[in-house]
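Undergrad: Numbering (full-length UniProt numbering), first residue to last: 1 to 247. Even glycine gets a Cβ: it sits at the ideal position worked out from N, Cα and C. Pasting in a structure now, in structure tokens, and then I'll have a few things to ask.
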Amino acid sequence: MSDSSYRDAIFTTPLDRVASFSFDEQVVACFPDMIRRSVPGYGQILGMLGVLAERHLRHGGHVYDLGCSLGAVGLALAGRLPPDAFSLTGIDLSLAMVSRARAILTEECPEHRIEIVEGDIRQVEYRPASMIVLNFTLQFLSPGDRDEVIARLYAALEPGGVLVLSEKIVAADEQENAWLVARYHDFKRANGYSDLEISQKRTALENVLVPDTLAAHHARLSGAGFSRVTTWFQYLNFASMIAFKEA
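This is the structure we're talking about:
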């Protein structure tokens with residue numbers, strides 16, 4: 001993939017007022033660098049999605065990538081599966097993300113059946129799907145909307161289908177959570193972010209990104225009807241789960 005993105009320098013300058021974070025043109029321009037330096041294990045999660053699809057995606061089945069950003073899930077699956085193995089719909093609320101994702105996917109995997117659309121995942125009429133991926137998306141929805149979204153996704157999945165949910169998480173124990181947050185900030189410093197950038201980004205995300213505990217995620221998925229839920233990956237306060245709908 002040709003990467004014409006820029007280094008994330010959005011919060012390098014002291015701001016009198018830090019606006020709430022949004023996925024605007026400025027973020028889109030530096031998003032690959034931002035997510036690489038800000039989300040522990042992001043590359044490993046993407047790398048495993050193709051492997052999970054090989055094991056659990058019905059051949060020719062449909063995939064949803066919800067909150068698709070620049071189409072990384074489509075690229076990951078296309079890198080391991082032939083064009084006839086799946087079709088994919090990516091949905092994102094940010095028109096800037098959608099426009100850039102369409103260009104990237106057209107260039108990188110033109111033979112695969114991948115469609116990127118602008119939309120709100122709370123309002124989409126879902127077609128039957130064999131696999132659904134939410135990579136760091138649910139955390140940006142109002143907590144009051146999350147149960148209904150997961151229930152609708154369960155209903156859309158075919159029997160035997162899987163949902164992959166990756167999220168920033170919060171630990172129930174305050175001391176454990178404080179340690180995880182501190183080490184996460186160390187991770188960001190090690191990737192070149194200053195204390196000013198870390199502080200201003202945290203302020204921008206306050207009340208925009210509201211994390212749940214792992215237990216809350218498991219309870220929500222089980223409550224929606226999933227027969228089995230496994231946390232298959234965790235790196236500091238970031239985790240990924242796979243939920244199975246009974247065949």
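Three-state secondary structure (DSSP) at E174?
TA: Residue state, collapsed to three classes: helix.
Undergrad: For the putative contact between N135 and G67, defined by C-beta atoms under 8 angstroms, what is the C-beta separation to the nearest angstrom?
TA: 7 angstroms between Cβ atoms; contact.
Undergrad: When you compare only the Cα positions, how much space is there between S240 and V229?
TA: Answer to the nearest angstrom: the Cα atoms are 11 angstroms apart.
Undergrad: Mind reading off the beta-carbon distance from Y235 to R37? Whole number of angstroms is fine, and I expect it under 8 angstroms.
TA: Contact doesn't hold; Cβ gap of about 14 angstroms is too wide.
Undergrad: Starting from A96, trace the alpha helix (DSSP H) in both directions and tell me its first and last residue.
TA: Run containing A96: L95 to E108, per the alpha helix (DSSP H) assignment.
Undergrad: For L165, which beta-bridge partners are listed by DSSP?
TA: L165 is bridged to L134 and M241.
Undergrad: From the DSSP output, in three-state form, read off I121 for me.
TA: Of the three classes helix, strand and coil, the one that applies to I121 here is coil, per DSSP.
Undergrad: Taking the alpha-carbon positions, what's the D84 to R113 distance?
TA: If you take the alpha carbons of D84 and R113, they lie about 8 angstroms apart.
Undergrad: Between the alpha carbons of L77 and L221, how many angstroms are there, rounded?
TA: So the two alpha carbons sit approximately 24 angstroms from each other.
Undergrad: Cutting at 7 angstroms between CB atoms, please list the residues of its own chain near V208, excluding the five before and the five after it.
TA: These residues qualify, in order along the chain: S20, F21 and F140.
Undergrad: With a threshold of 6 angstroms on Cβ separation, who are the neighbours of I198 within its own chain once the five nearest residues in sequence on each side are excluded?
TA: So the list reads H185 and K188, once near-sequence residues are dropped.
Undergrad: Excluding five sequence neighbours on each side, which residues of the same chain lie with their C-beta closer than 8 angstroms to the C-beta of R80?
TA: Taken in chain order, the residues that qualify are G50, V51, A53 and E54.
Undergrad: What separation, rounded to the nearest whole angstrom, lies between the Cα atoms of V73 and E148?
TA: Roughly 23 angstroms between the two C-alpha positions.
Undergrad: If L95 sits next to E118, beta carbons under 8 angstroms apart, how far is it from one beta carbon to the other, in whole angstroms?
TA: The Cβ separation is near 5 angstroms, so the contact holds.
Undergrad: Could you give the DSSP three-state label for T203: helix, strand or coil?
TA: Helix at T203.
Undergrad: Going by DSSP, name the residue or residues bridged to V229.
TA: BP columns for V229 point to A243.
Undergrad: Among all the DSSP beta bridges, which residues are the ones paired with R113?
TA: For R113, which the question treats as bridged, DSSP gives the partners S87.
Undergrad: Check V63 in the structure and name its three-state DSSP category.
TA: Strand, per DSSP.
Undergrad: According to DSSP, is D8 part of a helix, a strand, or is it coil?
TA: Of the three classes helix, strand and coil, the one that applies to D8 here is coil, per DSSP.
Undergrad: Residues in its own chain within less than 7 angstroms of L157 by CB, not counting five upstream and five downstream?
TA: Excluding sequence neighbours, L157 sits near A129, I132, L163 and K245.
Undergrad: If I follow the unbroken alpha helix (DSSP H) through V27, where does it start and stop?
TA: Start and end: E25 to S38.
Undergrad: Buried or exposed: where does H59 fall if 16 or more other Cβ atoms within 10 Å of its Cβ makes it buried?
TA: Exposed: under 16 other Cβ atoms inside 10 Å.
Undergrad: Classify L157 as helix, strand or coil using the three-state DSSP reduction.
TA: Three-state DSSP puts L157 in a strand.
Undergrad: Going by the CB atoms, is the gap between L88 and V63 shorter than 8 angstroms?
TA: Yes, the Cβ-Cβ distance between V63 and L88 is below 8 angstroms.
Undergrad: Within 10 angstroms of the Cβ of D8, are there 16 or more other Cβ atoms? Answer buried if so, exposed if not.
TA: Buried, since its Cβ has 16 or more Cβ neighbours within 10 Å.
Undergrad: Take the Cβ of E167 as the centre, count every other Cβ of all protein chains shown within 10 Å, and call the residue buried at 16 or more, exposed below.
TA: When all chains shown are included, E167 counts as buried.
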